[in-house]
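A.B. asks: Just add 59 to wherever you are in the sequence shown, counting from 1, and you've got our numbering.
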Amino acid sequence: IGMRLILLLTAAGAVSALPPRNVRRANFDALPADTTDDKLDLVFASALWRHGDRAAEHAVPGCDQFPEDAWTFGGGGYGELSPEGMKMHFDLGRKIRKRYIDDQKFLSSAYNAKEIYIRSTDYNRTLVSAYSNVAGMYSGFGIEGQNFPTKEGANSVPEWPAGYIPIPVHTVDYGTDYVGHPDAKCPRQEQLYGLVKQSPEYQSYINDPQVAQILKYLSDETSTKVTIDNIYDLDDPLFCQSIHIEELNQTDANIADFYPWYYTGDIPAWAAWIIDQDEQFTDGTGNPGGVNGIDVSVEIPKIRAGDTLKLLVSNVDGVLKCRDNMDADACSNFYKKLRYYALSAHDTTLAAFLTILGVKKYIIPEGYPNYSAAILIEVFENRDTKDRFFKVLYHADKNDDFKPITAFVRGCDFKENLCPIAVLDDLVKKYAPDTDMATLCNTPVDGTAFATTAQLVTGSTTSDVPVTTPKTTIPTTHQDTTTSSVSSISLLSALSVMISSFLL
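1. Evaluate the contact criterion for the segment 140–157 versus the segment 188–204: three or more CB pairs, one atom per stretch, below 8 Å.
2. Suppose the cutoff is 7 Å on Cβ atoms and the five residues either side in sequence are ignored; what does the same chain contact list for Ser522 look like?
3. Expressed to the nearest angstrom, what Euclidean distance is found between the alpha-carbon atoms of Lys173 and Asn374?
4. Would you be able to state if there are at least three C-beta pairs under 8 Å between the segment 272–281 and the segment 361–376?
5. Mind listing, in chain order, the continuous alpha helix (DSSP H) runs of no fewer than 4 residues lying wholly within the segment 88–126?
6. Residue ranges of each alpha helix (DSSP H) run of no fewer than 4 residues wholly in the segment 213–259, ordered along the chain?
7. DSSP state of Ala11, grouped into three classes?
8. Using only alpha-carbon positions, find the residue among Arg382, Asp459 and Ile160 that is nearest to Gly195.
9. State the start and end residues of the unbroken alpha helix (DSSP H) segment that holds Ser301.
10. Select from Ile333, Asn384, Arg469 and Cys299 the residue whose C-alpha is nearest the C-alpha of Tyr261.
11. Between Ala432 and Ala455, what straight-line distance do the alpha-carbon atoms span, to the nearest angstrom?
12. Measure the C-alpha to C-alpha separation of Asp150 and Lys457 and round it to an integer number of angstroms.
13. Let me know if Val526 comes out buried or exposed under the rule of 16 or more other beta-carbons within 10 Å of its beta-carbon.
14. Looking only at its own chain, which residues have a Cβ that is under 8 Å from the Cβ of Asn360, when we skip the five neighbours before and after it?
15. Among Asn476, Glu437, Asp337 and Gly377, which residue has its Cα nearest to the Cα of Ser263?
16. What are the start and end residues of the alpha helix (DSSP H) that includes Ala194?
17. I'd like the ranges of any beta strand (DSSP E) spanning at least 3 consecutive residues and lying wholly in the segment 355–419.
18. For Leu409, I'd like the list of residues in its chain whose CB is within less than 7 Å of its CB, leaving aside the five on either flank, ordered along the chain.
19. Express the C-alpha separation of Thr281 and Thr131 in angstroms, rounding to a whole number.
20. Sorted by chain position, which residues of the same chain lie with C-beta nearer than 6 Å to Tyr322's C-beta, five sequence neighbours on each side aside?
21. Looking at C-alpha atoms only, which residue of Val468, Asp232, Ala401 and Gly253 is the closest neighbour of Tyr182?
22. Between Tyr399 and Ile226, is the Cβ-Cβ spacing less than 8 Å?
23. Would you mind working out which of Gly134, Gly136, Leu166 and Ala114 sits nearest Ala104, comparing C-alpha positions?
24. Suppose contacts are defined by Cβ-Cβ distances below 8 Å. Is Val350 in contact with Gln205 by that definition?
25. Taking one C-beta from the segment 113–129 and one from the segment 299–319 each time, how about it: are there three or more such pairs within less than 8 Å?
26. Taking just the CA atoms, how far does Ala481 sit from Phe448?
27. With DSSP collapsed to three states, give me the class of Phe340.
28. Taking its Cβ as the centre, do 16 or more other Cβ atoms sit within 10 Å of Val216, making it buried, or is it exposed?
29. Can you name, in chain order, every residue of its own chain whose Cβ lies under 7 Å from the Cβ of Phe207, other than the five neighbours on each side?
30. Might you give, ordered along the chain, the residues of its own chain that have their beta carbon closer than 7 Å to the beta carbon of Thr209, omitting 5 neighbours on each side?
31. Taking Cβ to Cβ, would you say Lys450 is nearer than 8 Å to Phe439?
32. In three-state terms, what does DSSP make of Cys471?
33. Do you know offhand how far Glu211's Cα is from Ala221's?
34. What span of residues does the beta strand (DSSP E) with Ile175 cover, start to end?
35. What span of residues does the beta strand (DSSP E) with Phe149 cover, start to end?
36. By Cβ distance below 7 Å, which residues in the same chain neighbour Met496 in space, the five residues on each side in sequence not counted?
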């Protein structure tokens, strides 16, 4: 015990002074207000959000104090959305409703299947977040007998939750979801990471004596090998347990009572700093000068969020083509009435997309977006000149509202609240893949072949779940989608209690 105490005190003392941080944060008060010219019509809106509060994804490596069955909410087990997470997204849905239905009269008051399309990654917590979100948008505002069954009469369902409207959420296989999953299987991305790890910037980071000391200390305490690559797997379950410690332990205990070796001195702050630095290399911003002649600040974001950008701009293009000529062949049925498209995803998804926009370093200079963080992208048309513009807004967490961040988007004017639509096209040219992601991921950076053909992304992987490569085209209707792996899922039973309580 004495030696462990000496190690703990030595580590805590050694990391008392964190490296200086040259962080520039957004001063939202100095930005243009969220106003729009009376001559501008909102024609399309996109949302990208992170799921709400959840259970830990796995145990604390080597020394977990709570087994998986201690996590009982959301159906039980690791990674499930908590009731608090459901509330976060119900409330976010209410904020979206206020913006687009109450204030701007942009969407119909009651759910219209042709106006909105909701997509989610194939994870329970993102799917349930999406259902909670659209419940906040529409439940309690529908028409009985039209949007949901009546309480009495023919086809009545007396037990139907008051005002609940089931709304479809679409998904694709997670393993090849390059739109919602930045870490989908991609040999090219692994190769780029290999180059990054050879760079002077990365070597300086991993060879920092204080970083090495904190990693050794954590390894000794957990009896596992804690590295830069897996320290997040230690920090994340501890973070989740700290939020839900009373539920897990059924007492008023503090998380530090269970992990005193972690919650001492500057250990948590150092772990956060290590993770923050690693995130910059992961998203391609840690090597501003490139590596071996390769601009990883473009090539890595292209893989991690290029398809997300590509889908967004494809949607914008589809809506605008229909607006120009509803009868033209270029106007797909899917876009004729589409007004709102949302993607329910993860912190890594938002971080990668904000990196492409060039705004992450200002609004989240360290770490990842919070639970229920959301990005809105709105497209406007000047009814006189027909010029098109876009606006970007950010919702930081459950306590926030939407703040304009358009001025930070690369290519936009810092003094303006709106940005010409051509800037989106410029971002696509730079960051969106000019081929499908499976082809890009199978293309080595240096022209040499990958080590084994088993690494290649194909129509299937070695996982237990069959994978189909998603197409880049857009479904022609809300019901008929581009791949056989897309599905609409109803979670009426899972949400009924929540909806009833929120609508009281």
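Cβ atoms here follow ideal geometry from the backbone N, Cα and C, with glycine treated the same way.
C.D. replies: On the basis of the data shown:
1. Contact holds: three or more Cβ-Cβ distances are below 8 Å.
2. Caution is warranted here: a pLDDT of 30 is assigned to Ser522, below 50, making its placement in the model unreliable, and the coordinate value is therefore given only provisionally. These residues qualify, in order along the chain: Gly234.
3. Each residue's Cα considered, the two are about 14 Å apart.
4. Cβ pair count under 8 Å is below three, so no.
5. If we require 4 residues or more, the segment 88–126 turns out to have no alpha helix (DSSP H) run fully inside it.
6. Contiguous alpha helix (DSSP H) elements confined to the segment 213–259 occur at 246–257, taking only those with 4 or more residues.
7. No information on residue 11 is available, as it lies outside the stretch 60 to 563 that the chain covers here.
8. Ranked by Cα distance from Gly195, the first of Arg382, Asp459 and Ile160 is Ile160.
9. Following the DSSP letters along the chain, one finds Ser301 inside the alpha helix (DSSP H) bounded by residues Tyr291 to Ile302.
10. Nearest C-alpha to Tyr261: Ile333.
11. A direct Cα-Cα distance of roughly 5 Å separates Ala432 from Ala455.
12. Annotation: Asp150 to Lys457 spans about 8 Å, alpha carbon to alpha carbon.
13. Because the pLDDT at Val526 is just 29, under 50, the model does not fix this residue reliably, and the point stays unresolved.
14. Note that residue 360 corresponds to Pro in the displayed sequence, not to Asn. Counting only Cβ-Cβ distances below 8 Å, and skipping sequence neighbours, we find Asp342, Gly343, Ala411, Thr414, Ile415 and Tyr490.
15. Nearest C-alpha to Ser263 among Asn476, Glu437, Asp337 and Gly377: Asp337.
16. Taken as a continuous stretch (DSSP letters only), the alpha helix (DSSP H) holding Ala194 covers Asn183 to Tyr197.
17. Here the runs fully enclosed are 399–404.
18. If we look at Leu409 and ignore the five residues flanking it on each side, its Cβ neighbours are Leu107, Arg109, Pro428, Ala432 and Ile434.
19. Distance between Thr131 and Thr281, taken at the CA atoms: about 25 Å.
20. Ala315.
21. For the residues Val468, Asp232, Ala401 and Gly253, the minimum Cα distance to Tyr182 belongs to Asp232.
22. A distance of 8 Å or more separates the beta carbons of Tyr399 and Ile226.
23. Taking the Cα of Ala104 as reference, the smallest distance to any Cα among Gly134, Gly136, Leu166 and Ala114 is reached at Leu166.
24. With a cutoff of 8 Å on beta-carbon distance, Val350 and Gln205 are scored as not near each other.
25. In this structure the segment 113–129 lies against the segment 299–319, because at least three pairs of beta carbons, one per stretch, are closer than 8 Å.
26. Using only the alpha carbons, I get a separation of about 8 Å.
27. Helix.
28. By the Cβ-count criterion, Val216 is exposed, with fewer than 16 other Cβ atoms from all chains shown falling within 10 Å of its own Cβ.
29. Result list for Phe207: Gly201, Trp219, Tyr223 and Ile224, in chain order.
30. Within the same chain, Thr209 has close Cβ partners Glu203 and Ser215.
31. Against a cut-off of 8 Å, the Cβ pair of Phe439 and Lys450 comes out as a contact.
32. Three-state DSSP puts Cys471 in coil, outside helix and strand.
33. Cα-Cα distance, rounded: 13 Å.
34. It spans Ile175 to Ser179 - the beta strand (DSSP E) in which Ile175 sits, taken as one unbroken run.
35. Counting along the chain, Phe149 falls outside any beta strand (DSSP E), though it belongs to the alpha helix (DSSP H) covering Pro142 to Arg156.
36. For Met496, where only same-chain residues beyond five positions count, the Cβ hits under 7 Å are Tyr237 and Asp366.
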